[in-house]
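Q: Here's a structure for you.
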Amino acid sequence: MKVVSRILAAFMTLALVLSMAGCGAHGFSELKRRLHAETDRIEIRRGSRVVAVTDPVTVRLVVDGVASESAPLYKCAYDGSIQFFCRGVALLPEPMEFNLSPACLHVKFVYRDSLHSKRISPGLAGFLRGL
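Numbering follows our numbering, with no gaps: position 11 of the sequence shown is 127.
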């Protein structure tokens, strides 16, 4: 009986550790796969301007432009936000917020109830600056 309870305790500990892993490399890859598979529209906000993106090539540019490399949570003002949609339903609980200044170039977002900060590719940064 003690062996069974020890095995059960070990299993529960392992399950807890894995569930707390959050958006590590595996979780972020999962998010990117979901965004690639389900996104049919992106809304990008910069100031009072809102740009809707539905072109699949541009959607891919935006999704791929959020790098898997983590960035510090800079204390910079944000230049705008990005929200991903599938049939009118937001895929993230809050829009991703981005900063385009060279010293603060990153995007921050909430995924799996955790705050994350990722680097932005030069291609995505150029696209966002051009809006």
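Every residue, glycine too, gets a C-beta built ideally from N, C-alpha and C. This one's a predicted model, so the numbers in the text were calculated from it and none came from an experiment.
Is it right to say HIS232 is buried, meaning 16 or more other beta carbons lie within 10 angstroms of its own, or is it exposed?
A: The residue you call residue 232 lines up with position 116 of the sequence shown. So HIS232 counts as buried.
Q: Go through its chain and collect everything with a Cβ distance to ALA137's Cβ below 7 Å, but skip five positions before and after it.
A: Here the question's residue 137 lines up with position 21 in the sequence shown. Residue placement at ALA137 is poorly supported in this model, since its pLDDT is 37, which falls under 50; the coordinates are not used for a value here.
Q: Considering only DSSP beta bridges, list what HIS152 is partnered with.
A: As a position in the sequence shown, residue 152 is number 36, starting the count at 1. DSSP, once it has assigned bridges, lists no residue as partnering HIS152.
Q: If you drop the 5 nearest sequence neighbours on each side, which residues of the same chain put their C-beta closer than 6 Å to that of GLN199?
A: Within the sequence shown, numbered from 1, the residue matching residue 199 stands at position 83. The residues are GLU159, ALA206, PRO211.
Q: Cβ of VAL166 versus every heavy atom of the ligand GDP: is any distance shorter than 7 Å?
A: Judged by which ligands are present, the structure shown has none, so any question about the ligand GDP falls away.
Q: Leaving out the 5 sequence neighbours to the left and right, which residues in its chain are closer than 8 Å to GLU185 when beta-carbon positions are compared?
A: Reading the sequence shown from its first residue, position 69 is the one you call residue 185. Closer than 8 Å at the Cβ level, and outside the excluded window around GLU185, lie LYS234, ARG235.
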